[in-house]
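Some notes on the structure that comes next.
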């Protein structure tokens, strides 16, 4: 069941540059999308979200873009910092109950920001 | 800042034993969840709980699993007879509901079944 896919298992960027993490989904019922950051042996930490009525949401260095026709979203981190190094998970929910529904997670992308 | 807490951080048990994983969700939250992550795999949904009853459960959440909110603050996951394949990180999450719609996760409990 690959309803949410993150095709890049890892990404390496230089400090100060942009990090772009991608996520694709297949279920057209999804209407709420979130990005979480996770360190080893810790729980996922919420970063940013977007509902399907928007195509962009920005919070400080983090911006999420949603392309519903392509069923694709991306997370941009600008500028990238070494402390951003972690695994980033894309997650989606939807259907009756909206955002209170279960989250379906992608497999994660390991971001390494090089000083 | 309020946060979800979980105890214990690590639980080691023998196959066939019962375990109870405990969570204290954020105090004004109304929706509660359990997820798990087997090593090397994705985070997967187990069960959601609202208004003192299960809202949804996954195929993983069979008769060996149960959840309870015994006292208005704790939210527990019980596995009656653990199997080797239950070894995983178990995460509790809560969501306020109403105008906010983000699930906040606890730090997890690492369950090791020997």
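Chains as they are written, first to last, in the numbering used here: chain G, 1 to 115; chain Z, 116 to 229.
Cβ atoms here follow ideal geometry from the backbone N, Cα and C, with glycine treated the same way.
Any C-beta of chain G sitting closer than 7 Å to the C-beta of residue i?
i                      : result
residue 221 of chain Z : yes
residue 108 of chain Z : Nothing can be reported for residue 108 of chain Z, as the shown portion of chain Z is limited to 116 through 229.
residue 157 of chain Z : yes
residue 227 of chain Z : no
How should residue i be labelled, buried or exposed, when 16 other C-beta atoms within 10 angstroms of its C-beta is the threshold for buried?
i                      : result
residue 222 of chain Z : buried
residue 150 of chain Z : buried
residue 228 of chain Z : buried
residue 100 of chain G : buried
Residue range of the beta strand (DSSP E) that residue i falls in?
i                      : result
residue 41 of chain G  : Where residue 41 of chain G is concerned, there is no enclosing beta strand (DSSP E), given that its DSSP letter is neither H nor E.
residue 133 of chain Z : Counting along the chain, residue 133 of chain Z falls outside any beta strand (DSSP E), and DSSP gives it neither H nor E.
residue 210 of chain Z : 203-210
residue 59 of chain G  : 56-59
residue 170 of chain Z : 168-172
residue 183 of chain Z : 180-183
residue 151 of chain Z : 146-152
At the level of alpha carbons, what is the spacing between residue i and residue j?
i                      : j                      : result
residue 201 of chain Z : residue 44 of chain G  : 20 Å
residue 117 of chain Z : residue 60 of chain G  : 21 Å
residue 54 of chain G  : residue 66 of chain G  : 7 Å
residue 153 of chain Z : residue 204 of chain Z : 6 Å
residue 85 of chain G  : residue 184 of chain Z : 36 Å
residue 217 of chain Z : residue 113 of chain G : 27 Å
Measure from the C-beta of residue i to each C-beta in chain Z and report whether the shortest distance is under 7 Å.
i                      : result
residue 44 of chain G  : yes
residue 102 of chain G : yes
Note to self: Check whether the region 122-134 of chain Z and the region 17-31 of chain G are in contact - that is, three or more C-beta pairs closer than 8 Å.
What the structure shows: no
Next item on the list: Specify whether the region 54-74 of chain G and the region 1-11 of chain G touch according to this definition: at least 3 beta carbon pairs, one from each stretch, less than 8 Å apart.
Entry: no
Notebook entry, point to check: Can you list, in chain order, the residues of the region 168-183 of chain Z whose Cβ is nearer than 7 Å to any Cβ on chain B?
Noted result: In the structure shown, chain B cannot be found, because the protein chains are G and Z.
Checklist line | the region 85-104 of chain G / the region 159-166 of chain Z touching (three or more Cβ pairs under 8 Å) | finding: yes
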